[in-house]
Amino acid sequence: MKEKYYNEMELMICAAARIFEDGVSVSVGTGVPCAAVMLSQKLYAPNILILFEAGGIAPLLPSMPISVGDKNTMYKALQTTSVSDAMEMNQRGLVDYCFLGGAQIDMYGNLNSTVIGSHDNPKVRFPGSGGANDFASSAWRTIIVSPHSSRRFTNNIDFITTPGYLNGPNSREKAGLPQGTGPYKIITNLAVMNFDNDEKRMALESVHPGVSVDDVVKNTGFELLIDEHIEQTEPPSEDELRILRNEVDPYRVVIGKKAQ
Amino acid sequence: MKEKYYNEMELMICAAARIFEDGVSVSVGTGVPCAAVMLSQKLYAPNILILFEAGGIAPLLPSMPISVGDKNTMYKALQTTSVSDAMEMNQRGLVDYCFLGGAQIDMYGNLNSTVIGSHDNPKVRFPGSGGANDFASSAWRTIIVSPHSSRRFTNNIDFITTPGYLNGPNSREKAGLPQGTGPYKIITNLAVMNFDNDEKRMALESVHPGVSVDDVVKNTGFELLIDEHIEQTEPPSEDELRILRNEVDPYRVVIGKKAQ
Amino acid sequence: MDAIGELLGYEDPDKMREFFRKKSKKLENKIMKLSDAVSEFVAESDYMAIGGFGLVRIPTAFLHEVIKQQRKVATCAFFTSNYDTDLVLINGIMKSVDMSYGIALEALGSPKVLRKYFENGGIKVTEWSNGALAWRYKAAAMGLSFLPIRSMLGTDTEKYSAAEEIICPFSGKKYLAVPALYPDIAVIHVHEADMYGNAHIKGVLVADVDIAKASKKVIITAERIVDTEYFRNNPQNTTIPFYLVDAVVEVPYGGYPAEMPYEYLFDIDYFKRFLQAAESEETFDKFIKENIYECKDFNEFISLNGGVERIKELRNLELGLKGSEL
Amino acid sequence: MDAIGELLGYEDPDKMREFFRKKSKKLENKIMKLSDAVSEFVAESDYMAIGGFGLVRIPTAFLHEVIKQQRKVATCAFFTSNYDTDLVLINGIMKSVDMSYGIALEALGSPKVLRKYFENGGIKVTEWSNGALAWRYKAAAMGLSFLPIRSMLGTDTEKYSAAEEIICPFSGKKYLAVPALYPDIAVIHVHEADMYGNAHIKGVLVADVDIAKASKKVIITAERIVDTEYFRNNPQNTTIPFYLVDAVVEVPYGGYPAEMPYEYLFDIDYFKRFLQAAESEETFDKFIKENIYECKDFNEFISLNGGVERIKELRNLELGLKGSEL
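Chains as they are written, first to last, in numbering that gives the first Met the number 0: chain A, 0 to 259; chain B, 0 to 259; chain C, 0 to 325; chain D, 0 to 325.
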């Protein structure tokens with residue numbers, strides 16, 4: 000039924016777009032994160048401050064960038080600057096949210112985007128951290144966007160590229176990472192998850208329409224914290240879909256892709 | 000006799016101007032140093048790279064600056080940048096010479112421009128280090144320009160604002176300062192001095208025309224190293240004086256002052 | 000060497016992160032009247048940082064207003080500073096300062112009356128070099144609690160600073176760690192700003208970008224307000240981005256009697272009068288009274304010193320027009 | 000945590016100071032032919048750094064010439080890099096690399112053939128984040144052997160790096176010290192340069208200013224050569240000053256198929272062909288042969304891919320003209 004009027008990618012983008020309070024700063028890359036902040040800017044958070052690590056600060060994104068430094072990332076920007084400047088803005092505590100993905104995620108929200116297999120003899124070599132480790136280290140809240148499968152959601156993570164809560168409570172602080180930071184929400188094609196405040200472990204927040212709690216459990220390779228009562232993720236509204244399809248991504252660069 | 004065709008200030012400027020090889024970089028402030036590099040640029044070192052710590056890089060100095068960040072320091076400059084950028088250029092080893100002065104100088108070329116008397120209850124408070132300590136720490140060669148008196152040239156220096164050879168051989172390196180740096184020459188209204196390679200102590204190099212070695216000794220509050228044969232400082236040439244007076248300092252901003 | 004100077008303007012970097020987190024990142028109209036900016040933002044407990052260098056791009060209008068309102072600050076960085084810190088000294092409640100350079104108008108001389116503040120032992124000085132203070136701002140600007148540097152080592156400047164020696168884990172070399180400097184308030188004079196606080200500085204930047212990033216509150220005074228399109232159409236013009244800025248004040252000629260690069264030269268005659276007056280308490284008080292307290296606003300101060308006619312002369316001098324010479 | 004990665008590109012800061020001391024600071028004509036710049040400056044023992052980011056402002060012409068001449072380098076920083084390091088990999092003699100991001104064209108996908116270089120265990124990787132590599136360049140640019148940072152701590156990225164943990168003497172907090180990175184050679188593509196090497200970059204600067212300061216030899220490729228007056232009349236345009244630069248090469252469209260901000264967009268069709276070809280060794284070898292080895296120069300490469308007509312299209316796309324859309 001839901002397929003009638005939206006797809007999984009659209010749902011994920013809309014769920015992400017609703018997170019932001021007006022006036023927050025968000026570091027984004029290409030794809031879903033960018034679509035989400037563009038939608039948010041148009042509907043919920045007109046003052047959202049968008050930044051790209053290549054140096055584009057507060058552009059009026061006319062359409063989806065393909066490269067993190069391309070013309071869209073500096074279109075009508077309020078500043079064009081450098082990687083270190085953007086990273087130092089983050090290190091100073093000025094980045095409220097960052098958006099990340101990964102090939103593997105464990106229950107503490109640690110991410111792997113480096114290798115499958117051993118580091119020195121990998122089965123699959125991924126691009127590496129990029130700016131992910133930096134943003135996840137110092138941005139106040141990390142949002143993770145990912146397809147949902149037990150292969151990806153696993154505690155047998157081959158390599159921690161990017162810090163979540165590391166080994167649990169206080170381990171970020173012990174490692175030297177800035178206080179009060181860490182993963183905040185995870186949005187997949189099945190559900191929205193967050194992190195338990197005490198245990199710093201992943202907890203189910205809502206399941207998408209048509210998805211059962213059991214579907215999520217089956218597709219998660221570790222034990223999720225699950226409350227007795229789990230809400231349903233609010234489906235995309237008409238407004239959201241209209242703006243997403245007509246203004247944010249008219250060429251279906253992102254929403255035309257499969258979520259998995 | 001010499002007063003007939005040049006004054007002490009002109010002699011000091013000309014003596015300084017002859018130090019620079021073509022293509023060296025020199026950090027300068029206002030006054031004598033600036034006149035010297037301008038003269039040098041016009042006569043001896045057309046490719047001299049002049050920098051001002053406020054951020055003016057390679058200007059075509061049209062006339063004497065009065066402030067280290069004023070319009071002359073950026074006139075037709077090849078770059079305008081920042082204090083830290085200039086200081087980091089120096090820290091990277093890119094500044095060949097710097098020019099400094101001080102209220103007191105000891106036999107190791109340490110300079111005081113902070114206080115006379117005790118630090119917390121000074122008899123006289125001077126402006127402080129400014130950029131002097133930074134340049135003297137990391138520039139390859141420090142040139143000191145000063146009036147010559149036993150009050151100024153003293154080992155009872157009240158405060159080491161800016162490092163010369165500190166306590167003698169190896170003490171710069173032990174303190175952590177970059178290798179191979181230190182004071183190079185001292186130009187006063189009486190003489191030119193340099194530093195003994197082994198002892199790192201001040202040595203007389205030449206006395207100005209009309210000045211005896213004894214004059215220099217009497218006006219120096221510590222024992223100078225003095226070779227048996229001391230040269231006479233080359234007096235300003237006609238070319239030097241013509242350019243200095245007509246092009247470098249036509250309003251006699253510097254050469255109209257007393258050297259003492 | 001153990002440094003014995005007082006550590007001023009330092010805070011824990013995580014505490015500062017919490018502070019910066021709460022700063023508004025909204026595009027809001029931040030334009031204020033000069034008098035309101037002073038009364039709203041300058042507090043007695045403040046550590047103040049001032050932009051510009053020497054006789055260049057000093058936020059004079061703001062500082063005159065600080066004196067007029069008899070607003071005092073607890074401490075201040077005397078960094079590349081001349082007339083600016085002289086003005087801050089006039090209010091005279093500072094007990095401690097960070098100092099790399101001060102109480103001298105470079106080649107022009109030193110105001111005797113103000114030097115006495117230090118020579119009477121009334122102000123405790125923590126010593127730094129210009130580089131060290133620039134790097135202290137930069138440490139804060141980079142989100143670090145310290146930066147390693149290679150200056151000051153082995154000198155009394157180090158001894159009377161609040162720096163600490165550390166060892167590089169790669170080279171084994173000794174470095175001096177300078178602590179981050181987080182001013183409570185910074186005042187920076189710029190060429191152009193928009194209503195949100197985006198600001199453009201022409202010519203030498205001194206340490207103003209790092210000061211803006213390091214400071215808790217940032218006041219921009221601007222020669223003129225421009226439309227935001229000015230920045231959106233050339234985002235490399237944005238020397239200081241809006242999200243760092245708390246208030247924007249439009250003050251044409253707001254740097255006078257200092258130089259505003261490409262706009263007007265410093266007024267050397269004014270500074271000579273200032274230095275002359277500073278020879279005695281009596282003449283100095285009279286000078287300050289006439290030039291600051293009794294001027295109803297900054298325009299009146301400019302009028303008193305030659306008005307727009309004088310500015311025109313200084314403009315011609317700055318631009319090298321009409322064979323005018325310094 | 001003890002990091003176990005190989006330390007690459009590091010040197011003692013005093014040794015580097017000696018090196019930088021000897022670099023010419025003269026205003027000399029540094030313009031060279033592309034082929035000469037490659038043959039004169041690229042050596043097999045080199046650590047190479049490449050300017051730009053992702054699909055943007057890549058010195059393609061220079062890198063194609065490196066391949067044509069079969070010049071190899073010993074190692075390279077895979078930093079914000081896509082097509083650029085892909086090209087360097089083609090010569091395939093690197094045994095160790097510093098890597099924060101590589102072998103992927105961001106949203107477009109990953110060249111399978113080149114990924115194999117890593118998956119076959121033929122290249123040892125020292126891991127970093129983009130921030131860490133940017134800061135490694137910055138440490139060198141600041142004249143420091145290290146910089147403290149707050150990234151990478153607690154992760155395997157730290158473990159497989161060559162960083163060291165240190166304690167801030169003021170806050171007592173743990174920091175990661177990253178070692179300075181001094182490339183032997185850097186190649187940076189810019190909008191305008193003069194014959195002396197003064198260079199202007201428009202739009203995002205990525206890490207190119209720090210790379211230019213950190214590197215022993217710096218090659219600038221420029222869309223166009225301009226007169227030095229261009230810089231003297233607006234010295235804020237000088238993104239990279241002449242004294243850092245060893246050679247200047249004029250290569251119009253020298254970034255193609257990458258984007259040159261404000262000039263031409265990246266050629267997404269080319270990159271799709273590239274990725275398609277990279278599905279197998281055979282098709283990839285053919286693609287590289289056609290596009291690089293068999294092109295007598297960079298102009299021929301552009302002609303092969305649509306020539307100036309294609310550039311015009313990309314220019315219209317870049318500038319958003321004629322309702323053209325990506």
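Quick reminder that beta carbons are idealized off the backbone N, C-alpha and C, glycines included.
C-beta contact flag for residue i and residue j at 9 Å
| i | j | result |
| --- | --- | --- |
| A48(D) | M86(A) | no |
| F61(D) | H188(D) | yes |
| R200(A) | Y164(A) | yes |
| S205(B) | Q178(B) | no |
| S66(A) | V94(A) | no |
| P234(B) | C33(B) | no |
| K67(D) | I224(D) | no |
| K158(D) | K123(D) | no |
| D248(A) | M63(A) | yes |
| E43(C) | I92(C) | yes |
| M98(C) | T125(C) | yes |
Residue i (DSSP reduced to helix, strand or coil)
| i | result |
| --- | --- |
| E324(C) | At E324(C) the pLDDT is 48, less than 50, meaning the model places this residue with poor confidence; the figure from the coordinates comes in the next sentence. DSSP places E324(C) in coil when its eight states are reduced to three. |
| G305(C) | coil |
| R272(D) | helix |
| M259(C) | strand |
| M86(B) | helix |
| Y174(C) | strand |
| Y46(C) | strand |
| D155(C) | helix |
| Y96(A) | strand |
| G116(A) | strand |
| R140(B) | strand |
| C33(B) | helix |
| D183(D) | coil |
| N71(A) | helix |
| E126(D) | strand |
| N193(B) | strand |
| P234(C) | helix |
Same chain, Cβ closer than 6 Å to residue i, neighbours up to 5 away in sequence not counted
| i | result |
| --- | --- |
| D183(D) | D45, Y46 and K215 |
| P121(A) | V114 |
| H147(A) | T187, N188, L189 and N218 |
| Y242(C) | K24 |
| M194(C) | N28 and I30 |
| A206(D) | A133 and Y136 |
Neighbourhood of residue i by C-beta, 7 Å cutoff - its chain only, sequence neighbours within 5 removed
| i | result |
| --- | --- |
| E7(B) | N188 and A258 |
| A277(C) | P110, K111, V112, L113 and F283 |
| S39(A) | A16, F19 and I47 |
| L59(A) | Y74 and K75 |
| L6(C) | A161 and P178 |
Cβ shell of residue i (< 8 Å), same chain only, five flanking positions each side left out
| i | result |
| --- | --- |
| A185(D) | M47, A48, I49, G50, I210, A211, A213, S214, K216, V217 and I218 |
| R285(D) | Correcting the residue type first, residue 285(D) is Lys in the shown sequence and not Arg. Cβ within range, chain order: A276. |
Contact test: residue i Cβ vs the ligand ZN heavy atom, cutoff 8 Å
| i | result |
| --- | --- |
| L88(D) | You won't find the ligand ZN in this model; it holds no ligand whatsoever. |
Inset, instruction - Pair every Cβ in the stretch 94 to 106 of chain B with every Cβ in the stretch 77 to 85 of chain C, then say whether three or more of these pairs are closer than 8 Å. - result: Pairwise C-beta distances place the stretch 94 to 106 of chain B out of contact with the stretch 77 to 85 of chain C, as fewer than three of them are shorter than 8 Å.
Legend entry - Under 9 Å (Cβ pairs) to chain C, residues found in the stretch 2 to 23 of chain A: Residues of the stretch 2 to 23 of chain A with a C-beta atom less than 9 Å from some C-beta of chain C are D21, G22 and V23, listed in chain order.
Inset, instruction - Take every Cβ of the stretch 43 to 50 of chain B, pair it with every Cβ of the stretch 151 to 161 of chain B, and state whether three or more of those distances are shorter than 8 Å. - result: Output reads no: the stretch 151 to 161 of chain B does not touch the stretch 43 to 50 of chain B.
Legend entry - Segment contact flag, the stretch 134 to 149 of chain D with the stretch 306 to 316 of chain D, C-beta cutoff 8 Å, min 3 pairs: In short, these stretches do not touch, since the Cβ pair count stays below three.
Legend entry - Residues of the stretch 152 to 177 of chain D with Cβ closer than 7 Å to any Cβ of chain C, in chain order: For the stretch 152 to 177 of chain D, the residues whose beta carbon sits under 7 Å from a beta carbon of chain C are, in order, E163, I165, C167, P168, F169, S170, K172 and A176.
Inset, instruction - Taking a Cβ distance cut-off of 9 Å, strictly less, list which residues of the stretch 240 to 269 of chain C are near chain A, in chain order. - result: Going along the stretch 240 to 269 of chain C in chain order, one finds P240, F241, Y242 and L243 with a Cβ nearer than 9 Å to chain A.
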